[in-house]
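Residue numbers (this note's numbering): 112 to 318.
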């Protein structure tokens with residue numbers, strides 16, 4: 112970590128930017144205790160000194176909000192967790208991610224298989240991934256902003272709205288299919304009907 116810290120402070124091409132400042136601050140706190148704000152600023156060499164203090168303050172604020180750094184009597188210290196506990200947390204997080212990925216795989220395989228054996232009317236509208244469902248009240252005044260690539264959406268509404276991502280829809284369809292196989296048919300039909308009623312007739316094309 113000391114070598115990385117020296118590299119970050121000494122390389123003219125990598126000094127600037129919040130990312131490098133964050134790495135530098137983390138390395139400094141990792142190797143020192145009770146570091147003041149002034150010492151942190153003086154330890155970071157940058158060509159843009161006008162904004163350095165503000166950027167250092169921003170980085171420290173984010174670190175404190177993430178419980179990575181604590182401040183006491185104008186001194187900053189890195190929160191040092193037990194290494195074994197950290198490893199266990201990482202393993203548990205990876206396990207959950209693996210379970211989520213496996214579940215997503217099952218969900219998509221179910222949709223592909225369902226569509227493969229279903230005859231679609233080409234004249235009907237279809238859903239194409241990715242999509243997003245916006246649930247609003249009838250008298251709501253909603254504005255949507257996006258970019259040219261439609262990779263970013265911003266909604267403003269006069270009343271509360273509910274955004275449902277496509278993956279949640281697919282998961283619900285998969286759960287309903289499992290209920291159909293496990294429970295009695297009338298229970299599955301009731302559950303699916305209740306789910307579809309919340310979104311009008313949109314699901315008539317994909318269910």
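Note that beta-carbon positions come from the ideal geometry of N, C-alpha and C, so glycine has one too.
- Task: On a CA-only basis, which of 268, 265, 275 is nearest residue 245? Give me that one, please.
- Result: Put simply, of 268, 265, 275 the residue whose alpha carbon is nearest the alpha carbon of residue 245 is 275.
- Query: What span of residues does the beta strand (DSSP E) with residue 190 cover, start to end?
  - Reply: Secondary structure note for residue 190: it is in no beta strand (DSSP E), with a DSSP letter that is neither H nor E.
- What are the complete alpha helix (DSSP H) segments, minimum 4 residues, inside the stretch 127 to 163? Runs of the alpha helix (DSSP H) lying entirely within the stretch 127 to 163, each at least 4 residues long, are 129 to 142, 148 to 154 in chain order.
- Touching by the beta-carbon criterion (3+ pairs, under 8 Å), the stretch 175 to 191 and the stretch 145 to 155: The answer is yes - the stretch 145 to 155 touches the stretch 175 to 191, with three or more Cβ pairs under 8 Å.
- Query: Would you report the Cα separation of residue 318 and residue 214, rounded to the nearest angstrom?
  - Reply: In this prediction, residue 318 has a pLDDT of 41, which is less than 50 and means its spatial position is unreliable; nothing more can be read from the coordinates.
- Query: Looking at the structure shown, is residue 267 part of a helix, part of a strand, or coil, going by DSSP?
  - Reply: In the structure shown, residue 267 adopts extended strand secondary structure according to DSSP, grouped into three states.
- Does the distance from the C-beta atom of residue 164 to that of residue 129 stay below 8 Å? No. Outside cutoff.
- Item | Nearest-angstrom Cα separation, counted from residue 187 out to residue 277 | Between residue 277 and residue 187, the C-alpha separation is close to 43 Å.
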